[in-house]
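Q: My questions will all concern the structure given below.
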Amino acid sequence: MTSAGAPATPILHIDMDAFYASVAVRERPELWEVPVIVGGGYRGVVLSANYLAREHGVRSGMPATRARRLCPQAVVVAPDHELFGRVSTAVVETFRRVTPLVEVVSLDEAFLDVSGSVRRLGPPVEIAEQVRATIHDEQAITCSVGVAATISVAKLASKRAKPDGVVVVPPEEITTFLHPLDVGELYGVGEKTRAMLHRLGLVTVGDVAHTPVRTLQRAVGDHLGRHLHGLAWGDDRREVVAGSSGAFGLGGAEPDRSMGAQETFGRDVDDRTVVLRELLRLTSTVTGRMRVAGVAGRTVTLTVRFADFTTITRSRTMSEATDVTQEVYRTATALYDALGLQRARLRLVGVRVEGLAPRESVHHQHVLGEREHGWSEADRAVDRAARRFGSAAVRPASLLS
1 MTSAGAPATP ILHIDMDAFY ASVAVRERPE LWEVPVIVGG GYRGVVLSAN
51 YLAREHGVRS GMPATRARRL CPQAVVVAPD HELFGRVSTA VVETFRRVTP
101 LVEVVSLDEA FLDVSGSVRR LGPPVEIAEQ VRATIHDEQA ITCSVGVAAT
151 ISVAKLASKR AKPDGVVVVP PEEITTFLHP LDVGELYGVG EKTRAMLHRL
201 GLVTVGDVAH TPVRTLQRAV GDHLGRHLHG LAWGDDRREV VAGSSGAFGL
251 GGAEPDRSMG AQETFGRDVD DRTVVLRELL RLTSTVTGRM RVAGVAGRTV
301 TLTVRFADFT TITRSRTMSE ATDVTQEVYR TATALYDALG LQRARLRLVG
351 VRVEGLAPRE SVHHQHVLGE REHGWSEADR AVDRAARRFG SAAVRPASLL
401 S
């Protein structure tokens with residue numbers, strides 16, 4: 001911890017391990033111990049490869065013909081982008097249970113700023129381990145985490161943590177960590193820039209760090225020269241921006257088009273009362289986040305995962321967009337009951353609201369005889385109490401233990 005009580009390494013970069021291939025293998029357990037390539041049709045390119053295929057030199061972006069020559073025994077699996085999207089969304093929801101400061105960089109990686117979570121969850125390295133365990137338990141895939149004081153160092157640390165590990169770089173060890181690395185590891189250094197720097201004798205990050213800024217600027221340009229020199233010393237003042245793809249100049253934060261939450265039960269459950277109580281808790285969490293964000297949605301999606309990891313989803317679109325807990329919960333309950341599960345044992349349930357739009361753009365059509373004040377006003381009263389006294393101050397009676 002710093003003298004002010006803030007964590008010294010508040011930034012987590014979480015990168016899923018061989019994400020597409022891992023999800024594909026999860027769906028087909030018989031492929032667990034064989035090389036797997038995702039994508040790579042006859043004339044296509046490799047989208048992802050598991051680590052067994054990578055041992056033979058197969059890499060993402062490689063032409064399929066070359067990949068098959070390198071690893072002829074590999075099983076080629078067609079990509080299921082809808083499935084990848086669902087798993088990615090669930091993983092991001094896990095991140096947001098830790099902190100609202102989640103910056104999604106791509107389908108399989110994100111930055112988290114956990115400065116505000118350490119009092120509740122412990123030091124950043126413990127949070128990293130908790131997140132890894134949760135993802136493994138809920139999604140049956142693994143991830144690697146870099147923990148550092150800055151965005152750029154955390155990203156480099158996660159690469160060193162692969163596969164399925166955690167690397168922490170304390171502030172006092174930043175230069176020791178950075179300077180032996182090849183200069184091509186720094187963000188902003190592509191193959192051409194790396195080759196040019198190598199021709200100048202700048203092979204490692206340490207070489208760049210000990211080169212005058214003006215010399216670097218003459219070689220690669222004013223902006224990139226200054227930027228690389230700062231990164232070589234771990235000087236990176238960028239902050240995690242909640243939303244999508246802001247950290248590395250890939251665009252600003254975008255509003256969520258859906259919000260959801262899910263929970264893995266401590267043991268498999270077949271009791272409808274227990275399941276519905278969990279659905280209510282999850283719905284309260286989701287609609288609370290929606291009201292904070294000022295959005296409402298029409299489509300409710302229920303996710304159910306059975307004890308054997310089989311997962312199904314069901315959706316229903318309501319006549320009007322809403323952020324009201326009871327309205328979303330009623331729809332989620334109807335979706336669950338429509339499954340007719342007959343005491344099937346469940347491992348996980350989830351609730352998601354999709355098609356989100358700004359709340360002010362939604363116009364409620366009043367029904368004759370409808371009460372002037374109803375569940376919407378009750379939700380907002382609960383929100384006010386939660387802001388003042390904490391989230392546990394007021395909740396549905398069925399959630400009281």
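Quick note: the sequence shown uses the UniProt record's numbering, first residue 1, plus one each step. Just so you know, even glycine gets a beta-carbon here, dropped at the ideal spot from N, CA and C.
Since E109 and I11 should fall inside the 8 Å C-beta cutoff, what is the C-beta to C-beta distance between them, to a whole number of angstroms?
A: Start at 1 with the first residue of the sequence shown, and residue 109 comes out as number 109. Start at 1 with the first residue of the sequence shown, and residue 11 comes out as number 11. Between I11 and E109 the Cβ distance is about 13 Å, and since that is not below 8 Å, they are no contact.
Q: Quick one: Cα of E254 to Cα of L186, how far?
A: For the purposes of this step, residue 254 is identified with residue 254 of the sequence shown, where counting begins at 1. For the purposes of this step, residue 186 is identified with residue 186 of the sequence shown, where counting begins at 1. Confidence in E254 is poor, its pLDDT being 44 and thus under 50, which makes the residue's placement unreliable; the coordinate value appears in the next sentence. Roughly 26 Å between the two C-alpha positions.
Q: Please report the distance separating the alpha-carbon of P79 from that of P35.
A: Against the sequence shown, residue 79 aligns to sequence position 79. Against the sequence shown, residue 35 aligns to sequence position 35. So the two alpha carbons sit approximately 15 Å from each other.
Q: Would you grab the beta carbon distance between G204 and L181 for me? Rounded to a whole angstrom, and I think it's under 8 Å.
A: As a first step, residue 204 is located in the sequence shown; it is residue number 204 there, counting from the start. As a first step, residue 181 is located in the sequence shown; it is residue number 181 there, counting from the start. Checking the displayed sequence, the identity of residue 204 turns out to be Thr instead of Gly. Correct: roughly 6 Å between the Cβ atoms.
Q: Within the continuous beta strand (DSSP E) that includes V46, where are the two ends?
A: The residue you call residue 46 lines up with position 46 of the sequence shown. Per DSSP, V46 belongs to the beta strand (DSSP E) from 46-49.
Q: What does a CB cutoff of less than 7 Å around A344 pick up in its chain, not counting 5 residues either side in sequence?
A: Here residue 344 is taken as the residue at index 344 of the sequence shown, counted from 1. Here the set comprises D270, F306.
Q: Between the stretch 64-74 and the stretch 207-224, can you find at least three pairs of beta-carbon atoms closer than 8 Å?
A: no
Q: Taking Cβ to Cβ, would you say R359 is nearer than 9 Å to A338?
A: Numbered from its first residue, the sequence shown carries residue 359 at position 359. Numbered from its first residue, the sequence shown carries residue 338 at position 338. No.
Q: Suppose the cutoff is 6 Å on Cβ atoms and the five residues either side in sequence are ignored; what does the same chain contact list for T287 look like?
A: Indexing the sequence shown from 1 puts residue 287 at position 287. Excluding positions up to five away in sequence, the list reads D323, T325, V328.
Q: So for R199, helix, strand or coil by DSSP?
A: In the sequence shown, residue 199 corresponds to position 199, counting from 1. Three-state DSSP puts R199 in a helix.
Q: Hey, out of L231, D222, V145, whose CA is closest to G184's CA?
A: Numbered from its first residue, the sequence shown carries residue 184 at position 184. Minimum Cα distance to G184 is reached at L231.
Q: Is there a Cβ from chain B that is less than 9 Å from the Cβ of P100?
A: Although the question refers to chain B, the structure presented lacks it and comprises just one protein chain.
Q: Please determine, among E82, G165, S361, V45, the residue with the shortest C-alpha to C-alpha distance to V23.
A: Sequence index remark: in the sequence shown, residue 23 carries index 23 (1-based). Among E82, G165, S361, V45, the Cα nearest to that of V23 belongs to E82.
Q: Verify whether the separation of the beta carbon atoms of G355 and S284 is less than 9 Å.
A: As a first step, residue 355 must be located in the sequence shown, where it is residue number 355. As a first step, residue 284 must be located in the sequence shown, where it is residue number 284. In this structure, S284 does not lie closer than 9 Å to G355 by Cβ.
Q: Using the beta-carbon count (16 or more within 10 Å), is R347 buried or exposed?
A: The count along the sequence shown starts at 1 and reaches residue 347 at position 347. Classification for R347: buried.
Q: Identify, in the order they occur along the chain, each residue of the same chain with its Cβ nearer than 8 Å to the Cβ of A117, setting aside the five sequence neighbours on each side.
A: One-based indexing of the sequence shown puts residue 117 at position 117. The question names Ala, but residue 117 in the sequence shown is Ser. Only V98, T99, I127 meet the Cβ criterion.
Q: With distances taken from CA atoms, which of V145, P163, F19, T211 is nearest residue 404?
A: Nothing about residue 404 can be read from this structure; the chain reaches only from 1 to 401.
Q: Could you tell me the distance, in whole angstroms, from the CA atom of S319 to the CA atom of R298?
A: To locate residue 319, count along the sequence shown from 1; it is residue 319. To locate residue 298, count along the sequence shown from 1; it is residue 298. Cα to Cα, the separation comes out at about 7 Å.
Q: In the DSSP assignment, the alpha helix (DSSP H) including S258 goes from what residue to what residue?
A: Your numbering for residue 258 matches position 258 in the sequence shown. Looking at the DSSP string, S258 is not in any alpha helix (DSSP H); the run it does join, the beta strand (DSSP E), is 258-269.
Q: Check the C-beta distance from T303 over to G340 and give it rounded, since I have them as a contact under 8 Å.
A: Residue mapping note: residue 303 aligns to position 303 of the sequence shown, counting from 1. Residue mapping note: residue 340 aligns to position 340 of the sequence shown, counting from 1. Incorrect: roughly 17 Å between the Cβ atoms, too far for contact.
Q: So, using beta-carbon positions, are T211 and L202 closer together than 9 Å?
A: As a first step, residue 211 is located in the sequence shown; it is residue number 211 there, counting from the start. As a first step, residue 202 is located in the sequence shown; it is residue number 202 there, counting from the start. Cβ distance < 9 Å, so T211 and L202 count as in contact.
Q: Between the Cα of V240 and the Cα atoms of R277, T150, P171, F309, which residue gives the shortest distance?
A: Here residue 240 refers to the residue found at position 240 when the sequence shown is read from its first residue. Per the Cα distances, T150.
Q: Note down the Cα distance separating T134 from A219, rounded to an integer number of angstroms.
A: Taking the first residue of the sequence shown as 1, we reach residue 134 at position 134. Taking the first residue of the sequence shown as 1, we reach residue 219 at position 219. Approximately 46 Å between the Cα atoms of the pair.
Q: Can you tell which of A21, V102, K155, G294 has the C-alpha that lies nearest to the C-alpha of T142?
A: The residue labelled residue 142 in the question sits at position 142 within the sequence shown. Of A21, V102, K155, G294, the residue nearest in Cα terms is A21.
Q: Which same chain residues end up closer than 8 Å to A18 when comparing Cβ atoms and leaving out the 5 residues on each side of it in sequence?
A: Counting from 1 along the sequence shown, the entry for residue 18 is found at position 18. Counting only Cβ-Cβ distances below 8 Å, and skipping sequence neighbours, we find S48, A49, N50, Y51, R54, P163.
Q: Taking the CB atoms as reference points, tell me whether A154 and L178 lie closer together than 9 Å.
A: On the sequence shown, residue 154 is found 154 positions in, with the first residue counted as 1. On the sequence shown, residue 178 is found 178 positions in, with the first residue counted as 1. In this structure, L178 does not lie closer than 9 Å to A154 by Cβ.
Q: Return the chain-ordered list of same chain residues with a C-beta closer than 8 Å to the C-beta of M196, the five sequence neighbours on each side being excluded.
A: Within the sequence shown, the letter at position 196 stands for residue 196. Closer than 8 Å at Cβ, skipping near neighbours: A219, V220.
Q: CA-CA distance, V367 and P124?
A: Here residue 367 refers to the residue found at position 367 of the sequence shown. Here residue 124 refers to the residue found at position 124 of the sequence shown. Summary for V367: the model assigns pLDDT 47, below 50, so the residue's position carries little reliability, and this model does not support an answer.
Q: Return the bridge partner residues of E305 from the DSSP annotation.
A: For this step, residue 305 is matched to residue 305 along the sequence shown. For clarity, residue 305 is Arg in the given sequence; the question names Glu instead. DSSP, once it has assigned bridges, lists T311, L348 as partnering R305.
Q: Would you grab the beta carbon distance between L279 and Y336 for me? Rounded to a whole angstrom, and I think it's under 8 Å.
A: Sequence index remark: in the sequence shown, residue 279 carries index 279 (1-based). Sequence index remark: in the sequence shown, residue 336 carries index 336 (1-based). With a Cβ gap of about 7 Å, L279 and Y336 count as contacting.
Q: Restricting to Cα atoms, I'd like to know which of I312, A334, D308 is closest to P29.
A: As a position in the sequence shown, residue 29 is number 29, starting the count at 1. For the residues I312, A334, D308, the minimum Cα distance to P29 belongs to D308.
Q: Could you say which of F95, I37, A90, E93 lies nearest to A67 if we only look at CA atoms?
A: The count along the sequence shown starts at 1 and reaches residue 67 at position 67. For A67, the nearest C-alpha among the options comes from I37.
Q: If you count every other CB in all the chains shown that lies within 10 Å of the CB of V91, and 16 or more means buried, which is it?
A: Residue mapping note: residue 91 aligns to position 91 of the sequence shown, counting from 1. Buried is the call here.
Q: Quick one: complete alpha helix (DSSP H) runs, 4+ long, within the stretch 50-88?
A: 51-54, 64-70
Q: Which runs of the beta strand (DSSP E) fall wholly inside the stretch 174-242 and span at least 3 residues, in chain order?
A: none
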